[in-house]
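To start, the structure itself, in structure tokens.
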Amino acid sequence: MRHCSHEWQVNNGGRGLYELTQKLQDWLREVDARVGWANLFVPHTSASLLLQENADPDVRADILDYFARLVPDGDHGFRHRNEGPDDMSAHLRSVLTQNSLIIPVREGRAALGVFLFEHRVRPVSRRVLVSFQGVMEED
Amino acid sequence: MRHCSHEWQVNNGGRGLYELTQKLQDWLREVDARVGWANLFVPHTSASLLLQENADPDVRADILDYFARLVPDGDHGFRHRNEGPDDMSAHLRSVLTQNSLIIPVREGRAALGVFLFEHRVRPVSRRVLVSFQGVMEED
Amino acid sequence: MRHCSHEWQVNNGGRGLYELTQKLQDWLREVDARVGWANLFVPHTSASLLLQENADPDVRADILDYFARLVPDGDHGFRHRNEGPDDMSAHLRSVLTQNSLIIPVREGRAALGVFLFEHRVRPVSRRVLVSFQGVMEED
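Protein chains in written order, with the numbering used here: chain A, 1 to 139; chain B, 140 to 278; chain C, 279 to 417.
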């Protein structure tokens, strides 16, 4: 068993879902991962991660709409507004979702698709830590 | 340290909470797990997992009621309705909970109970990936 | 690769956010962790964990306010009220956040800050299971 890790810089176009599945599969192949666990970790508190198939784009639109209603931008109850109306709402959307995901890996492949869930409105560059712990092809 | 994994087929009776604790304990004993981490992973986007003691059944009823109010079935805002009024609400309930859980294992036992959280109304058969990474009895 | 674990008793002052970051860093140094994953696990269903920088205290106040609105204490819909108006709301706030977090460790340090998120109103003593899986300094 081994541990290996890497860091990605993911430039996104602002609020939305950005698929990381292929990027993760490519990295798992590159490090020769066979069976174990992958971890994706977003070390930011206004973006998160979402396990999701790349299925119907309507699902992704509905997810964004739902969060817009659940945690509205510019809510008058918010004290923290330093970076605009999407500042505190982005933090809360991150709290209600996940910044760290363990994804089982079998035969070198992740068990489900994964997206970066960007909560800030404007384009942002995010760090994503990717790591794998388990058995490699050559073990 | 080793990694071992298995897959369960869990047939459920539709929307509700189904305890997996004993199934997990039995599997941990079967593979001779001693100390480490167990992972449960639901590779579906309309069911999830819940850490919970099997305590008061009222707690489980209140959880179901609360989610029925937080993400109502058949919400008129939803675009995605292919599989009925509980289709998109099931996806969103899954987004707001967790599909992958790490549970510490000590002396061969998981640190807390765990349930499958089925969000679709009708009975469904779900895959649950179970794995353990850590030290075995014979290590 | 190794696994090591410990248990903390965290006495808190009731509902609020209590930073565990330094406690985790100290423990990682004590066990000589170098690179791998840390896990924090709260084996209770009315408290949880939050990844957060110790930034603006307004952010923490807004998080508490938001959860007070999202899951109000003493909601008339709740059946389970054994331990008062903050009993079921505490369970639901725990369901909507996380009780188990994997945090990547590099050069002996955790990738982001972490807080105990206490949902009960009165001061409580909580168990927090901490563990590390990965490569130690002497490996």
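Note that the Cβ used here is the ideal one computed from N, Cα and C, for glycine as well.
From a predicted model like this one, the values you see are computed outputs, not experimental measurements.
field: A:Q52 - DSSP class collapsed to helix/strand/coil
entry: Within the first sequence, the letter at position 52 stands for residue 52 of chain A. Per DSSP, reduced to three states, the secondary structure at A:Q52 is coil, with no helix or strand assignment.
field: Stretch-stretch touch, CB-based, cutoff 8 Å, three pairs: the region 28-45 of chain A with the region 119-134 of chain A
entry: Segments in contact, yes.
- prompt: How would you list, in chain order, the residues of chain B whose beta-carbon sits under 8 Å from the beta-carbon of C:F393?
  reply: Locating residue 393 of chain C in the third sequence gives position 115, counting from the first residue. By Cβ distance, chain B contributes nothing, its closest Cβ being about 18 Å from C:F393, past 8 Å.
- prompt: Does the distance from the C-beta atom of C:H281 to that of B:G175 stay below 8 Å?
  reply: For the purposes of this step, residue 281 of chain C is taken as the residue at position 3 of the third sequence. For the purposes of this step, residue 175 of chain B is taken as the residue at position 36 of the second sequence. Yes, the Cβ-Cβ distance between C:H281 and B:G175 is below 8 Å.
- prompt: Per the contact definition of three or more C-beta pairs closer than 8 Å, is the region 64-76 of chain A in contact with the region 92-99 of chain A?
  reply: The region 92-99 of chain A makes contact with the region 64-76 of chain A; the number of CB pairs closer than 8 Å reaches 3 or more.
message: Please list, in chain order, the chain A residues whose beta carbon lies closer than 9 Å to that of C:V413.
response: Here residue 413 of chain C refers to the residue found at position 135 of the third sequence. Those within 9 Å of C:V413 in chain A are R2 and H3.
query: Tell me the DSSP bridge mates of B:V210?
result: Along the second sequence, one-based indexing puts residue 210 of chain B at 71. In DSSP, B:V210 forms no bridge with anything.
- prompt: Among B:E257, B:A250, B:L203 and B:E169, which one has its Cα closest to the Cα of B:T160?
  reply: Position 21 of the second sequence, counted from the first residue, corresponds to residue 160 of chain B. Nearest to B:T160 by alpha-carbon distance, out of B:E257, B:A250, B:L203 and B:E169, is B:A250.
message: Suppose you measure from the CA of A:N11 to the CA of A:H119; what does that come to, to the nearest Å?
response: One-based indexing of the first sequence puts residue 11 of chain A at position 11. One-based indexing of the first sequence puts residue 119 of chain A at position 119. Going by C-alpha positions, A:N11 is about 13 Å away from A:H119.
message: Counting only Cβ-Cβ distances shorter than 7 Å, please list the residues of the region 307-318 of chain C near chain A, keeping chain order.
response: From the region 307-318 of chain C, only V313, G314 and W315 have a Cβ closer than 7 Å to chain A.
task: Using beta-carbon positions only, say whether B:V260 and B:D225 come within less than 8 Å of one another.
output: Translated into positions along the second sequence, residue 260 of chain B becomes position 121. Translated into positions along the second sequence, residue 225 of chain B becomes position 86. Yes.
field: Proximity test, Cβ basis, 8 Å: C:E331 and chain A
entry: Your numbering for residue 331 of chain C matches position 53 in the third sequence. True, the Cβ-Cβ gap to chain A drops below 8 Å.
- prompt: If you run the structure through DSSP and keep just helix, strand and coil, what is C:S283?
  reply: As a working note, residue 283 of chain C is residue 5 in the third sequence. Three-state DSSP puts C:S283 in a strand.
Bridge partner(s) assigned by DSSP for A:L96: Position 96 of the first sequence, counted from the first residue, corresponds to residue 96 of chain A. Residue pairing by DSSP places A:L96 in no beta bridge whatsoever.
Own chain partners of A:G14 with C-beta closer than 8 Å, once the 5 adjacent residues on each side are dropped: Your numbering for residue 14 of chain A matches position 14 in the first sequence. Within the same chain, A:G14 has close Cβ partners E118, R120, V121, R122, P123 and V124.
message: Starting from C:R312, trace the beta strand (DSSP E) in both directions and tell me its first and last residue.
response: Along the third sequence, read from residue 1 onward, the residue named residue 312 of chain C stands at position 34. Start and end: A311 to F319.
query: Of all the options B:A200, B:W166, B:M227 and B:R173, which has the alpha carbon lying nearest to the alpha carbon of B:E246?
result: Along the second sequence, one-based indexing puts residue 246 of chain B at 107. Answer by Cα proximity: B:R173.
field: Residues of its chain near B:R168, where Cβ-Cβ distance is below 7 Å and the 5 sequence neighbours each way are ignored
entry: Position 29 of the second sequence, counted from the start, is the residue given in the question as residue 168 of chain B. Around B:R168: G247.
- prompt: Can you tell me the Cα-Cα spacing of C:H369 and C:A339, whole angstroms?
  reply: In the third sequence, residue 369 of chain C corresponds to position 91, counting from 1. In the third sequence, residue 339 of chain C corresponds to position 61, counting from 1. Within the model, the alpha-carbon separation for C:H369 versus C:A339 is close to 20 Å.
- prompt: Just the Cα atoms here: how many angstroms apart are C:D334 and C:I341?
  reply: What you label residue 334 of chain C is simply residue 56 of the third sequence in a count that begins at 1. What you label residue 341 of chain C is simply residue 63 of the third sequence in a count that begins at 1. If I take the Cα positions, the gap works out to 12 Å.
query: How should A:V52 be labelled, buried or exposed, when 16 other C-beta atoms within 10 angstroms of its C-beta is the threshold for buried?
result: The residue you call residue 52 of chain A lines up with position 52 of the first sequence. Inspection of the sequence shows that residue 52 of chain A is occupied by Gln rather than by Val. Buried: at least 16 other Cβ atoms inside 10 Å.
- prompt: Which of helix, strand or coil does DSSP assign to C:E416?
  reply: For the purposes of this step, residue 416 of chain C is taken as the residue at position 138 of the third sequence. C:E416 falls in the coil class under three-state DSSP.
query: Does any residue of chain C bring its CB to less than 8 Å from the CB of A:V95?
result: The residue you call residue 95 of chain A lines up with position 95 of the first sequence. Nearest CB-CB separation between A:V95 and chain C: below the 8 Å threshold.
- prompt: With distances taken between CB atoms, is the gap from A:D26 to B:R218 smaller than 8 Å?
  reply: For the purposes of this step, residue 26 of chain A is taken as residue 26 along the first sequence, with counting starting at 1. For the purposes of this step, residue 218 of chain B is taken as residue 79 along the second sequence, with counting starting at 1. In this structure, B:R218 does not lie closer than 8 Å to A:D26 by Cβ.
message: Is there a C-beta anywhere in chain B that falls below 8 Å from the one on C:Q376?
response: Sequence index remark: in the third sequence, residue 376 of chain C carries index 98 (1-based). Using beta-carbon distances, C:Q376 counts as an interface residue toward chain B, with a partner under 8 Å.
- prompt: Is C:F345 close to chain B, meaning its C-beta is less than 8 Å from at least one C-beta of that chain?
  reply: Numbered from 1 along the third sequence, position 67 holds the residue referred to as residue 345 of chain C. Not closer than 8 Å to any Cβ of chain B, the Cβ of C:F345 fails to qualify, so no.
message: Using the Cβ count rule (16 or more neighbours within 10 Å means buried), how would you classify A:N39?
response: Here residue 39 of chain A refers to the residue found at position 39 of the first sequence. Burial state of A:N39 is buried, judged by a 10 Å Cβ sphere holding 16 or more other Cβ atoms.
task: Check the Cβ-Cβ distances between B:P243 and every residue of chain C, and say whether any is below 8 Å.
output: Reading the second sequence from its first residue, position 104 is the one you call residue 243 of chain B. Taking a beta-carbon distance threshold of 8 Å, B:P243 counts as an interface residue toward chain C.
- request: Output, in chain order, the set of chain F residues within a Cβ distance shorter than 8 Å of A:A111.
  value: In the structure shown, chain F cannot be found, because the protein chains are A, B and C.
query: What does DSSP give as the partner residues of C:E297 in its beta bridges?
result: One-based indexing of the third sequence puts residue 297 of chain C at position 19. C:E297 pairs with C:F393.
message: I want to check one thing, is the minimum distance from the CB of C:H281 to the heavy atoms of the ligand SAM below 7 Å?
response: Among the components of this structure there are no ligands whatsoever, and the ligand SAM is therefore not found.
message: I'd like to know if B:H230 contacts chain A, where contact means its C-beta is closer than 8 Å to some C-beta of that chain.
response: What you label residue 230 of chain B is simply residue 91 of the second sequence in a count that begins at 1. Chain A places a beta carbon closer than 8 Å to that of B:H230, counting this residue as a contact.
- prompt: Using DSSP with H/G/I as helix, E/B as strand and the rest coil, what is C:P382?
  reply: Translated into the one-based positions of the third sequence, residue 382 of chain C becomes position 104. The answer is strand: DSSP assigns C:P382 an E or B state.
message: Can you confirm whether A:V59, when its beta carbon is compared against all beta carbons of chain B, has any partner nearer than 8 Å?
response: Indexing the first sequence from 1 puts residue 59 of chain A at position 59. Chain B contact via Cβ: present.
Contact under 8 Å by Cβ, A:L17 with A:L49: The residue labelled residue 17 of chain A in the question sits at position 17 within the first sequence. The residue labelled residue 49 of chain A in the question sits at position 49 within the first sequence. A:L49 sits away from A:L17, with the two beta carbons spaced by 8 Å or more.
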